[in-house]
Structure formats: structure tokens, C-alpha cells
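Trainee:
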Amino acid sequence: MSPRARLYKTEGIVLRSMDLGEADRVLTVLTPRLGKLRVVAKGIRRPRSRLGGGLEPFSDVQLVLAIGRTFDVVTQIAIEDPHLGLRDDLQATAEAWYLVELADRFCEGNADSHGPFVLLAQGLAALDAPEGAIAREAVARWFELHLLDTMGFRPELTRCIECGAEIEPTGNAFSPVAGGVLGPECAHAALGAVRISPGALKVLRHLQRSELTEVLRLSIPRALHREVERLLHETVSAILERELRTRDFLDEVNTRKAVGPGPMAPSDAAPSPTAPSPTAAIPEAATPEPLAG
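Residue numbers for the sequence shown, in the numbering used here: 1 to 293.
1) Under 6 Å Cβ to Cβ from residue 15, same chain only, skipping five residues before and after it: list those, please.
2) Tell me, to the nearest whole angstrom, how far the beta carbon of residue 82 is from that of residue 109; I am working on the premise that it is less than 8 Å.
3) How long is the line joining the alpha carbons of residue 13 and residue 25, rounded to whole angstroms?
4) Could you tell me if the beta carbon of residue 155 falls within a distance shorter than 7 Å of some heavy atom in the ligand MN?
5) Look up residue 150 in the DSSP assignment and say whether it is helix, strand or coil.
6) Taking DSSP's pairing of strands, which residues face residue 36 in a bridge?
7) Ordered along the chain, which non-local residues of its own chain (more than five positions away) have a Cβ less than 6 Å from that of residue 35?
8) Do residue 184 and residue 172 count as a contact pair if the criterion is CB distance below 8 Å?
9) With a Cβ-Cβ cutoff of 8 Å, do residue 255 and residue 97 count as a contact?
10) Would residue 147 and residue 86 be called neighbours here (beta carbons separated by less than 8 Å)?
11) Return yes when the Cβ of residue 134 is within less than 8 Å of the Cβ of residue 217, no when it is not.
12) Apart from the five residues just before and just after residue 167, which ones in its own chain have a Cβ nearer than 7 Å to its Cβ?
The following block contains the structure:
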């Protein structure tokens with residue numbers, strides 16, 4: 001094999017990094033065509049590394065890689081977008097880590113990575129906006145729904161998943177395990193079904209059918225957002241059969257945001273590494289309740 005044949009190029013988003021030895025770093029990178037790659041950046045932790053910086057989580061980069069025995073080796077780096085703003089704001093950092101872990105978990109094995117890559121690039125770019133410029137939690141909920149769709153787990157929100165009847169506005173249930181809405185007559189037919197309010201169903205449908213630019217400033221009342229968030233988190237957990245590690249960090253950041261600023265303890269630190277549409281308001285709703293037996 002010629003030296004040139006051993007090299008290849010790819011764009012990628014850095015998901016995770018891990019120190020290796022005294023000066024190297026192993027990176028997990030999501031690419032648009034090659035799935036998830038684990039590559040090594042040799043000597044990058046040295047002060048005078050020829051690779052320079054930029055290989056941090058959230059960074060969108062162009063890489064030239066050499067085929068190696070255990071890991072392919074980074075030989076050149078060009079930074080497309082370092083997303084520096086995601087490291088300067090705790091809320092943005094927490095939401096970004098959550099999006100990254102979602103993409104990481106759903107792209108295990110030989111999963112097609114083009115859709116998740118595009119969604120993650122869009123999501124991180126949106127979260128990188130200045131504080132107050134966008135509704136970051138709406139971005140996260142949009143990302144969850146569209147990632148589920150891309151990976152073949154699109155929640156059914158318009159017809160009953162049990163009988164196929166068109167869903168009416170009230171009296172419905174949602175099953176995270178079965179992946180969709182049930183009408184009043186079928187509410188007990190699916191495992192783990194909980195009541196879903198008309199407002200939550202409206203939000204989910206809007207997020208599912210909208211482009212990201214249409215929800216950047218979507219204003220969702222706190223109680224209603226908690227319901228939507230809970231339904232989607234339970235859906236994700238049911239599919240992955242595991243809890244995401246970033247959830248605890250994100251929940252703590254959101255709790256601090258709700259109660260107001262306060263001193264951060266050392267253990268509270270973050271884990272290591274278009275024009276918006278007009279604001280839309282959506283009515284309050286209660287949190288979901290399990291169906292009675």
C-alpha cells in the first residue's frame with residue numbers, strides 16, 4: 001500500500017477525549033459517512049505539538065488520518081467551529097453534553113451516522129448562541145425527537161398505536177415503551193402508559209414537524225416543559241435500555257437555574273469534556289400521571 005493510500009480525510013465532531021500515556025489523546029469522533037471513529041492524536045498534549053489545539057469535545061473539525069494498527073492516527077487538523085461559547089455558559093455546556101451523549105449512544109456499532117451528524121452539528125451550533133438568544137431546552141427537545149426519527153424510532157403522535165384511530169385532543173395516554181400515543185379506549189393497552197396533556201401533545205407535534213430554526217425561540221411554560229421532557233427522557237431510556245450519565249448534571253444545572261444563582265461546589269463542575277422565528281407561547285399543563293390499574 002502506498003503512503004498516500006494509507007491517508008484519508010473526514011469531517012467530524014469530537015464527542016469524547018481520553019488521555020493516553022504522557023502526551024497522547026484518544027478521541028471519539030462522529031463523522032458524516034464513516035460512523036463513530038476512535039482515533040489517536042499523538043503528542044497533542046505537549047506545549048509545542050504540531051497538531052495544535054481544537055480537539056476538544058463539541059469541536060467540529062476536518063481531520064487527515066493515517067491508518068494505524070489499533071487506532072488511526074491524526075496527522076492534520078483544521079478547525080471548522082470550536083463552539084467556544086458552549087464552554088463559557090454552564091447551561092449551554094450541560095445541554096451540549098446531553099446532545100453529545102445522545103448521539104454517542106444511538107450511533108453504537110455500524111449505525112448510519114449521516115443523520116445524527118447533521119442533527120448534532122445543528123444542535124451544537126444553536127446552543128452556541130449567546131444566553132437569552134434562544135430557548136436552549138426547546139433545542140434539546142427538538143434534537144431528541146428528530147434523532148429518534150432519524151434512527152427509526154419516530155414516536156407516533158397522530159394515531160393510536162393500538163387501534164390506529166385518529167387521536168383526539170383530550171383523554172389520551174403516552175407509552176414511552178411502545179413509542180407513541182394511545183386514545184382513551186386503548187389507554188391501558190400499552191406497558192408503562194401515562195396520561196399526556198393536550199398541551200404536551202401539541203408541543204411534541206410542533207417540535208416533530210418543525211425545522212430547528214422554527215423552534216429556536218419557542219417559549220414553553222416550565223410545568224409543560226417538564227412533562228414533555230419527562231416523556232422524551234423515558235422514551236430514550238426505554239430504547240437505549242439505560243440512563244444517560246449526563247442527565248444528573250443537566251438536572252442539577254436546571255434546578256439551580258430555577259431557584260436562582262448560588263455558589264457552585266467543586267463537585268458541581270461540568271463533566272470533562274439563521275434567524276430565529278418569533279417567540280411562540282404554549283399553555284401550561286400538569287405533569288404526566290401513571291394510569292390507574
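Idealized CB from N, CA, C, for every residue including glycine.
Mentor: Reading off the structure:
1) As a first step, residue 15 must be located in the sequence shown, where it is residue number 15. Excluding sequence neighbours, residue 15 sits near 28, 30, 100 and 104.
2) For the purposes of this step, residue 82 is taken as residue 82 along the sequence shown, with counting starting at 1. For the purposes of this step, residue 109 is taken as residue 109 along the sequence shown, with counting starting at 1. Contact doesn't hold; Cβ gap of about 29 Å is too wide.
3) Stepping through the sequence shown from its first residue, residue 13 is reached at position 13. Stepping through the sequence shown from its first residue, residue 25 is reached at position 25. Their backbone Cα atoms lie some 15 Å apart in a straight line.
4) Among the ligands in the structure shown, none appear at all, so the ligand MN cannot be discussed.
5) Counted from its first residue, the sequence shown places residue 150 at position 150. Helix, per DSSP.
6) Position 36 of the sequence shown, counting from 1, holds the residue named residue 36. Under the DSSP definition of a beta bridge, residue 36 partners with 30.
7) Here residue 35 is taken as the residue at index 35 of the sequence shown, counted from 1. If the five residues before and after residue 35 are omitted, its C-beta is found closer than 6 Å to the C-beta atoms of 113, all from its own chain and listed in chain order.
8) Numbered from 1 along the sequence shown, position 172 holds the residue referred to as residue 172. Numbered from 1 along the sequence shown, position 184 holds the residue referred to as residue 184. Going by C-beta atoms, residue 172 is nearer than 8 Å to residue 184.
9) For the purposes of this step, residue 255 is taken as the residue at position 255 of the sequence shown. For the purposes of this step, residue 97 is taken as the residue at position 97 of the sequence shown. Their beta carbons are not under 8 Å apart, which means residue 255 does not touch residue 97 by this criterion.
10) Position 147 of the sequence shown, counting from 1, holds the residue named residue 147. Position 86 of the sequence shown, counting from 1, holds the residue named residue 86. The answer is no: Cβ separation not under 8 Å.
11) Working through the sequence shown from its first residue, we reach residue 217 at position 217. Working through the sequence shown from its first residue, we reach residue 134 at position 134. Here residue 217 is near residue 134, since their CB atoms are less than 8 Å apart.
12) Within the sequence shown, the letter at position 167 stands for residue 167. Same-chain partners within the cutoff: 158, 159, 160, 181 and 183.
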